[in-house]
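Everything below concerns the one structure shown next.
Quick look at the structure:
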């Protein structure tokens, strides 16, 4: 699922850049610099969830992750 979100973010990023160049507007380029920041935050949150799961349970087995309730 994360790979599909990353692919969508990259597609949106390229659209921002193309339309920014064609319309001669800097707003698309500023949004294009914001998209990798959001992607990095998403990756950091996912990594933090895995590290926290490993610290609490001692394993990252799928069977133990299914027990997470929230």
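Residue numbers (this note's numbering): 1458 to 1527. Glycine residues also receive a C-beta, built at the ideal position from the N, C-alpha and C atoms. None of the values given here were measured: they were computed from a predicted structure.
Does the Cβ-Cβ distance between residue 1509 and residue 1492 come in under 9 Å?
Here residue 1509 refers to the residue found at position 52 when the chain shown is read from its first residue. Here residue 1492 refers to the residue found at position 35 when the chain shown is read from its first residue. Taking 9 Å as the Cβ cut-off, residue 1509 and residue 1492 do not qualify as a contacting pair.
How close, in whole Å, do the beta carbons of residue 1483 and residue 1477 come, if the pair is a contact with beta carbons under 8 Å?
As a position in the chain shown, residue 1483 is number 26, starting the count at 1. As a position in the chain shown, residue 1477 is number 20, starting the count at 1. Indeed, because the Cβ distance is near 7 Å, the residues count as touching under 8 Å.
Using 9 Å as the threshold, is the C-beta distance between residue 1520 and residue 1462 below it?
In the chain shown, the residue the question calls residue 1520 occupies position 63. In the chain shown, the residue the question calls residue 1462 occupies position 5. In this structure, residue 1462 does not lie closer than 9 Å to residue 1520 by Cβ.
Quick check: what's the CA-CA separation for residue 1495 versus residue 1488?
As a first step, residue 1495 is located in the chain shown; it is residue number 38 there, counting from the start. As a first step, residue 1488 is located in the chain shown; it is residue number 31 there, counting from the start. When rounded, the distance between both Cα atoms is 11 Å.
Please work out which residues of its chain come closer than 8 Å, Cβ to Cβ, to residue 1474, disregarding the five sequence neighbours upstream and downstream, and give them in chain order.
Looking up residue 1474 in the chain shown gives position 17. Cβ neighbours of residue 1474 beyond the five flanking positions: 1485, 1486, 1489.
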